[in-house]
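*Asks:* Below is one structure. I have some questions about it.
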Amino acid sequence: QDSLPESLSCAKKYLALVTKTKSQASIDIIASVQRALLQLLGEEEEGKVIIKDNNTSNNNNNSDDSEVVEQKTEEEFEQELLGHESYFAVSLYNAYKMQIDCIMNKYESAYEYLLKAQKYIAYIPGFVTNATYNFYHSLTLLRLYLAQGKEQSQTQIMMDQVEKNQAQLLNWVNGCPENFVHMHTLIEAEIAHIVKQDNWKALTLYNKAINMAHHNKYIQYEALARELAYDFLSKNEQEDLAMQYIIAARELYQLWGACSKIRQLERSITVEDSIDPAVNGQFVFSNAKEEKISSDRLNLQTILKASQIISSEVDLKKFSQTIMATILEHAGAEKGSLFAVNSDNELVAITESEPQSP
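Structural data, given as structure tokens:
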């Protein structure tokens, strides 16, 4: 996946090309992409996205010396699209705005953009935007469910929509898992966390989504999955583990080039946490709170390590031996057995293990 600066560079080139052809529909589509990229890159002041020409001002490529060629509010830009009857671009722009607000944790606002995009979603059939719209639609609904921002009477309707979205996304996963499996898995993790409140399953799925996004080089989705896992762990009072996820998420957002998101993360660290000064150009989050290791924390540490094993192991025998060793390590036991119920409803030992000698 290209970084945001690389994507912006491509958008500017394509916009210059289609402007010469005077194809208004194409101009509006690429302009919508460009504005969304600029917002994530932090090129926004007082509600106006700032578009600069780096080739002006004495041919200096420093963006600080570049000439501002456009400065419009969101409403002005959208009205311009509607005036051109560029409904494809309107839907695309609002879908991107929903995505941006989800990334920025502004779920109420994301829901408003969702409704706007929904009006014109029929204009973009067969595009990958449908899959990202599906994913962020579900994420928005689940996060509103978590915040209890909607009436209880609406929660079942919301969950029915998430289920419908997941069924459609699963069809795309079956057709091309490399592009969609991380999306489907991350929503399943959110369902396990928010709706089912199944901590073991949630953490396993968060780690699986992280691994899939990493494997298929979807930097932004890996960053988002790590941030959501951080939120899950924080809510379960596992601050030390959570910080590992948010540190990695911040670095991934930086690689992607999402300056707005990075600034938000740096502002939103809680009082107990702190941000150390930049070291070698990178900020390091540190947790200042010291706590005794409780049995609950020990249990979730075991779950974390075990869930990482589950998401990577395929061989059942090797898996059972590895999981047994992990449990023994965290329990401080010298010997243990893992039991399961067989088809005859009998309890049988499937593996026995001892910790390895130092």
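Heads up: the sequence shown runs through residues 4 to 361, numbered per our numbering. Cβ atoms here follow ideal geometry from the backbone N, Cα and C, with glycine treated the same way.
Got a sec, what are the start and stop residues for the alpha helix (DSSP H) Gln-102 sits in?
*Replies:* First-last of the alpha helix (DSSP H) with Gln-102: 90-106.
*Asks:* So which of Leu-142, Phe-80 and Glu-83 has the shortest CA-CA distance to Asp-104?
*Replies:* Nearest option by C-alpha distance: Leu-142.
*Asks:* Please classify His-196: does DSSP put it in a helix, a strand, or coil?
*Replies:* If DSSP states are grouped into helix, strand and coil, His-196 belongs with the helices.
*Asks:* When we look at the beta-carbon of Lys-211 and count the other beta-carbons within 10 Å, is it buried (16 or more) or exposed?
*Replies:* Buried, since its Cβ has 16 or more Cβ neighbours within 10 Å.
*Asks:* Could you compute how far the alpha carbon of Pro-8 sits from the alpha carbon of Gln-257?
*Replies:* If you take the alpha carbons of Pro-8 and Gln-257, they lie about 11 Å apart.
*Asks:* Of the choices Ala-251, Ile-127, Ala-14 and His-140, whose alpha-carbon is the least far from that of Tyr-116?
*Replies:* Answer by Cα proximity: His-140.
*Asks:* Let me know the secondary structure DSSP gives Glu-9 once reduced to three states.
*Replies:* Helix.
*Asks:* Please identify the residue among Tyr-99, Cys-262 and Leu-11 whose C-alpha is closest to the C-alpha of Gln-121.
*Replies:* Comparing Cα positions, the closest option is Tyr-99.
*Asks:* Cutting at 6 Å between CB atoms, please list the residues of its own chain near Val-165, excluding the five before and the five after it.
*Replies:* Excluding residues within five positions, the ones whose Cβ falls inside 6 Å are Ser-141 and Leu-144.
*Asks:* Among the residues of its own chain, which have a CB less than 6 Å from the CB of His-218, if the five just before and after it don't count?
*Replies:* Around His-218: no qualifying Cβ.
*Asks:* Can you tell me the Cα-Cα spacing of Gln-159 and Ser-12, whole angstroms?
*Replies:* Going from the Cα of Gln-159 to the Cα of Ser-12 covers about 43 Å.
*Asks:* Determine the contact status of Glu-193 and Arg-146, defining contact as a CB-CB distance below 9 Å.
*Replies:* The answer is yes: Cβ separation under 9 Å.
*Asks:* Mapping DSSP to helix, strand and coil, what is Lys-122?
*Replies:* The answer is helix: DSSP assigns Lys-122 an H, G or I state.
*Asks:* Measure the CB-CB distance between Phe-183 and Ala-205 and report whether it falls below 9 Å.
*Replies:* No. Outside cutoff.
*Asks:* How is Ala-216 classed by DSSP in three states: helix, strand or coil?
*Replies:* It is helical.
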